[in-house]
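So the sequence shown is numbered by our numbering: it starts at 0 and just counts up by one.
All C-beta atoms, glycine included, are put in the ideal place defined by N, C-alpha and C.
Since we're looking at a predicted model, the values are computed, not measured.
Working notes for the structure below.
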Amino acid sequence: MYDVKTETTIKGTVESVETVTGTAGRGRHSLGGTHLTVKTETETLEVHVGPTAYLTEKGITLAKDDTLEILGSRVTIDKEPVVIAKQIKKGDNTWTLRDASGRPVWSGRGRAQRDELMK
């Protein structure tokens with residue numbers, strides 16, 4: 000779903016943080032994990048961040064009233080605008096969630112760890 004051609008940067012305040020269980024299909028909640036509702040100067044958007052377990056493992060904490068700058072792909076899911084986060088800045092912290100092509104940094108982690116153990 001991530002499309003580098005639609006990358007944009009938004010700045011806003013977190014109105015809510017929700018942990019969503021992924022569902023089958025291609026709807027807004029087919030991407031499980033942590034979702035934010037972010038209010039910018041002009042609109043309120045849903046932001047898909049990533050798997051909650053990955054965020055916890057990396058010490059990424061996001062909460063209501065946080066001010067964020069988010070680089071991500073703006074897409075339409077279920078006729079609603081959604082941003083799929085690639086990078087999030089909060090204060091002095093910057094977290095990269097996807098590589099230059101939009102591939103999630105947590106993707107394939109299990110295989111790489113398994114391969115390393117097999118050496």
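Legend entry - Simplified DSSP assignment, three categories, for lysine 78: coil
Inset, instruction - Determine the direct distance from the alpha carbon of tryptophan 105 to that of isoleucine 76, and round the result to whole angstroms. - result: 22 Å
Inset, instruction - Might you give, ordered along the chain, the residues of its own chain that have their beta carbon closer than 6 Å to the beta carbon of valine 3, omitting 5 neighbours on each side? - result: Gly101
Inset, instruction - Over the uninterrupted beta strand (DSSP E) stretch that includes glutamate 45, give me the two end residues. - result: 43-49
Inset, instruction - Report the partner residues of arginine 97 according to the DSSP bridge assignment. - result: Pro103
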